[in-house]
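S.K.: Sharing a structure with you now.
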Amino acid sequence: MPPHGYIHVLSLTENITEFEKAVHRQKISGNIDTPEGGFDAMLQAAVCESHIGWRKEAKRLLLVMTDQTSHLALDSKLAGIVVPNDGNCHLKNNVYVRSTSMEHPSLGQLSEKLIDNNINVIFAVQGKQFHWYKDLLPLLPGTIAGEIESKAANLNNLVVEAYQKLISEVKVQVENQIKGIYLNITAICPDGTRRPGTEGCRNVTSNDEVLFNVTVIMKNCDVAGGKSYAIIKPIGFNETTKIHIHRNCSCQCDEIRGPKRKCVDETLLDSKCFQCDENKCHFDDDQVPSESCKSHKDQPFCSGRGVCICGRCLCHKTKLGKVYGKYCEKDDFSCPYHQGNLCAGHGECEAGRCQCFSGWEGDRCQCPSTSAQHCVNPKGQVCSGRGTCVCGKCECSDPRSIGRFCEHCPTCHIGCSENWNCVQCLHPHNLSQAILNRCKSSCAFMEQHYVDQTSECFSSPSYMRIFFIIFIVTFLIGLLKVLIIRQVILQWNSNKMKSSADYRVSASKKDKSILQSVCTRAVTYRREKPEEIKMDISKLNTHETFRCNF
Numbered sequence: 160m161p162p163h164g165y166i167h168v169l170s171l172t173e174n175i176t177e178f179e180k181a182v183h184r185q186k187i188s189g190n191i192d193t194p195e196g197g198f199d200a201m202l203q204a205a206v207c208e209s210h211i212g213w214r215k216e217a218k219r220l221l222l223v224m225t226d227q228t229s230h231l232a233l234d235s236k237l238a239g240i241v242v243p244n245d246g247n248c249h250l251k252n253n254v255y256v257r258s259t260s261m262e263h264p265s266l267g268q269l270s271e272k273l274i275d276n277n278i279n280v281i282f283a284v285q286g287k288q289f290h291w292y293k294d295l296l297p298l299l300p301g302t303i304a305g306e307i308e309s310k311a312a313n314l315n316n317l318v319v320e321a322y323q324k325l326i327s328e329v330k331v332q333v334e335n336q337i338k339g340i341y342l343n344i345t346a347i348c349p350d351g352t353r354r355p356g357t358e359g360c361r362n363v364t365s366n367d368e369v370l371f372n373v374t375v376i377m378k379n380c381d382v383a384g385g386k387s388y389a390i391i392k393p394i395g396f397n398e399t400t401k402i403h404i405h406r407n408c409s410c411q412c413d414e415i416r417g418p419k420r421k422c423v424d425e426t427l428l429d430s431k432c433f434q435c436d437e438n439k440c441h442f443d444d445d446q447v448p449s450e451s452c453k454s455h456k457d458q459p460f461c462s463g464r465g466v467c468i469c470g471r472c473l474c475h476k477t478k479l480g481k482v483y484g485k486y487c488e489k490d491d492f493s494c495p496y497h498q499g500n501l502c503a504g505h506g507e508c509e510a511g512r513c514q515c516f517s518g519w520e521g522d523r524c525q526c527p528s529t530s531a532q533h534c535v536n537p538k539g540q541v542c543s544g545r546g547t548c549v550c551g552k553c554e555c556s557d558p559r560s561i562g563r564f565c566e567h568c569p570t571c572h573i574g575c576s577e578n579w580n581c582v583q584c585l586h587p588h589n590l591s592q593a594i595l596n597r598c599k600s601s602c603a604f605m606e607q608h609y610v611d612q613t614s615e616c617f618s619s620p621s622y623m624r625i626f627f628i629i630f631i632v633t634f635l636i637g638l639l640k641v642l643i644i645r646q647v648i649l650q651w652n653s654n655k656m657k658s659s660a661d662y663r664v665s666a667s668k669k670d671k672s673i674l675q676s677v678c679t680r681a682v683t684y685r686r687e688k689p690e691e692i693k694m695d696i697s698k699l700n701t702h703e704t705f706r707c708n709f
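Counting the sequence shown from 1 gives a position; my numbering is that position plus 159.
Following this line, the structure appears as structure tokens:
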């Protein structure tokens, strides 16, 4: 059977016998190249809903069996195909007709179509290509890969296990993203753990309940207001939730209004909350966010952890701890701990970093500020200028430096320049009192070690002498090579002449009964017809003489 693209053989049916017959009728086709068009087939199976026979209320499962990789987008450019895949159904007489005129789908495009049509995919892969498909799973939500044995002996168990794993995972995805609106989704799993909604919960049984906490944040008011909506869709389920959003960026605080009241639920925490009834707090006016609820222009309102009521942030409650601050930028749970205390008890947690109180420093505020005094060397330098002081200890920035103050650096080649002023202190004769005082203060820490008595004068090398030595050595080496090559050539010619002498025939061994007869004549070319010469030459004996008569 010649190579081909996707062929739709049989729609979904409850007739098992017809399905088995259709499978047995199939013929194996060879590929032109190693990668297959599996992703083309998957996309067509997802979007050609009427041809396949997908039911809207059913959970859709697509089984892909293969032993090779699949073509990706841009692969078809090698064949001169540059038209991007449009993601639509192109089946004509149940055959995919755009294999040679349209590019292969990209992973993002394939993922989008699978999610839109609520399809879960099981890759049953045989051979070494299993890991290739396994690496693609994070890019294709709602898919799983399994390795099949020879002749697909474990296919039944693989499909059952993969299906159980797929239905035990609950994830959501946001569709129809709105410019300027950010949706933060947190999944609350049955065991109480919280995970990002895109990661979801695993090992969920049919009786378990998964909750999703959705926080809608408006990043800025640069875009036009009005109504819009976002869609939250659980992957693999034919259900969606639509969130309608109405943006109004103008604060109406000063306008006279009727007896409207704003009710803020118990997820807000503020010390000035009043008129509380049944864990709910009421405010006199409907308020909308303003720029005074941002710490910076590019930051979300109330740091994304509260709501803005006419220029004032009311921070959310959370089970992890307390959220507070003018912009809800502070909390008591997201910063590092030291000895069981947040920021060592010497600072506040702001935006995930410890802001230390006066007199404390360090990433956990665990070090007193006075500890820097322990990093100053006798010269008054902090860590000798080769490191930073962390909690009273020098951390050398130069890996070649060692020592308490990073003062030792054998390979830095700056020891002489640093200690040159202290050398004269070793010979204090004829020195001024100021220099002697400096020697006592700055050079008292020096230790003297005499290693070797070396003369300060060194004989300069003779460059001409070195040149002539190199020249003579090079000349002799070249001459030696020429002599060796000459000797090899002579030896080779001698062997050749010797071998040819073995095939010579001596004159005594020749047959002297027959001698070759040769007669030559110089002919002068003339325009008229040349003279015809008839010659009859017979074989002569050795004692006869050959004559030419003209």
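Where a beta carbon is used, it is the ideal one built from N, C-alpha and C, also for glycine.
Predicted model only: the values in this text are computed from it and were never measured.
Label residue 492 either buried or exposed according to how many other C-beta atoms from any shown protein chain fall within 10 Å of its C-beta, with 16 as the threshold for buried.
M.R.: With fewer than 16 other Cβ atoms within 10 Å, it is exposed.
S.K.: I need the straight-line Cα distance from residue 361 to residue 531, nearest angstrom please.
M.R.: Those two C-alpha atoms are separated by around 50 Å.
S.K.: For residue 242 and residue 233, what's the separation of their Cα atoms in angstroms?
M.R.: Near 10 Å, if we compare the C-alpha coordinates of residue 233 and residue 242.
S.K.: Considering Cα atoms alone, identify which of 500, 244, 623, 319 is closest to residue 222.
M.R.: Comparing Cα positions, the closest option is 319.
S.K.: My guess is that residue 390 and residue 343 are in contact by the Cβ rule of under 8 Å, so how many angstroms apart are they, rounded?
M.R.: Not quite, the Cβ-Cβ distance comes to about 16 Å (not below 8 Å), so this is no contact.
S.K.: Compute the Euclidean distance between the alpha carbons of residue 271 and residue 228, then round it to the nearest angstrom.
M.R.: Computed Cα separation, rounded: 20 Å.
S.K.: Residues in its own chain within less than 6 Å of residue 452 by CB, not counting five upstream and five downstream?
M.R.: Once the five neighbours on either side are set aside, the close Cβ partners of residue 452 are 460, 461, 467, 472.
S.K.: In three-state terms, what does DSSP make of residue 171?
M.R.: The answer is coil: DSSP assigns residue 171 none of H, G, I, E or B.
S.K.: How long is the line joining the alpha carbons of residue 345 and residue 372, rounded to whole angstroms?
M.R.: Their Cα atoms are separated by approximately 5 Å.
S.K.: For the alpha helix (DSSP H) holding residue 197, just list the boundary residues, first then last.
M.R.: Where residue 197 is concerned, the enclosing alpha helix (DSSP H) stretches over 197 to 206.
S.K.: For residue 543, I'd like the list of residues in its chain whose CB is within less than 6 Å of its CB, leaving aside the five on either flank, ordered along the chain.
M.R.: Contacts found: 536, 564, 565, 566.
S.K.: Where does the unbroken beta strand (DSSP E) through residue 552 begin, and where does it stop?
M.R.: Residue 552 -> beta strand (DSSP E) spans 552 to 555.
S.K.: Can you list the alpha helix (DSSP H) stretches of 4 or more residues lying completely in the region 269 to 341, in chain order?
M.R.: You should have 289 to 293, 314 to 326.
S.K.: Our contact map puts residue 199 next to residue 286 with C-beta atoms below 8 Å; I'd like the distance itself, whole angstroms only.
M.R.: With 8 Å as the limit, residue 199 and residue 286 do not qualify as a contact, their Cβ atoms being about 21 Å apart.
S.K.: Taking a contact to mean a Cβ-Cβ separation below 9 Å, would you say residue 267 touches residue 230 in this structure?
M.R.: Contact: no.
S.K.: Along the beta strand (DSSP E) that carries residue 377, what are the first and last residues, could you check?
M.R.: That run of the beta strand (DSSP E) goes 370 to 377.
S.K.: Assuming residue 553 and residue 534 make a contact with CB atoms under 8 Å, what is their CB distance in whole Å?
M.R.: Contact holds; Cβ gap of about 5 Å.
S.K.: Quick one: is residue 302 buried, meaning 16 or more other Cβ sit within 10 Å of its Cβ, or exposed?
M.R.: It is buried - the Cβ of residue 302 has at least 16 other Cβ atoms within 10 Å.
S.K.: Whole-angstrom Cβ separation of residue 220 and residue 322, contact assumed at under 8 Å?
M.R.: That belief holds up - the Cβ atoms of residue 220 and residue 322 are roughly 6 Å apart, short of 8 Å.
S.K.: Indicate the three-state DSSP secondary structure (helix, strand or coil) for residue 490 in the structure shown.
M.R.: Reduced to three states, the DSSP call for residue 490 is strand.
S.K.: Go through its chain and collect everything with a Cβ distance to residue 212's Cβ below 8 Å, but skip five positions before and after it.
M.R.: Answer for residue 212: 170, 171, 172, listed in chain order.
S.K.: Under a three-way DSSP split, which group does residue 561 fall into?
M.R.: Looking at residue 561 - three-state DSSP - the assignment turns out to be strand.
S.K.: According to DSSP, simplified to helix, strand and coil, what is residue 425?
M.R.: Per-residue confidence for residue 425 stands at a pLDDT of 41, beneath the threshold of 50, marking its modelled position as unreliable; the derived number appears in the next sentence. Coil, per DSSP.
S.K.: So, using beta-carbon positions, are residue 255 and residue 263 closer together than 9 Å?
M.R.: No; because the gap between Cβ atoms is not below 9 Å, this pair is not in contact.
S.K.: Would residue 185 be called buried (16 or more neighbouring beta carbons within 10 Å of its own) or exposed?
M.R.: By the 10 Å Cβ count, residue 185 comes out exposed.
S.K.: If we ignore side chains and look at the alpha-carbon of each, how far apart do residue 561 and residue 555 end up?
M.R.: Straight-line Cα distance between these residues: approximately 7 Å.
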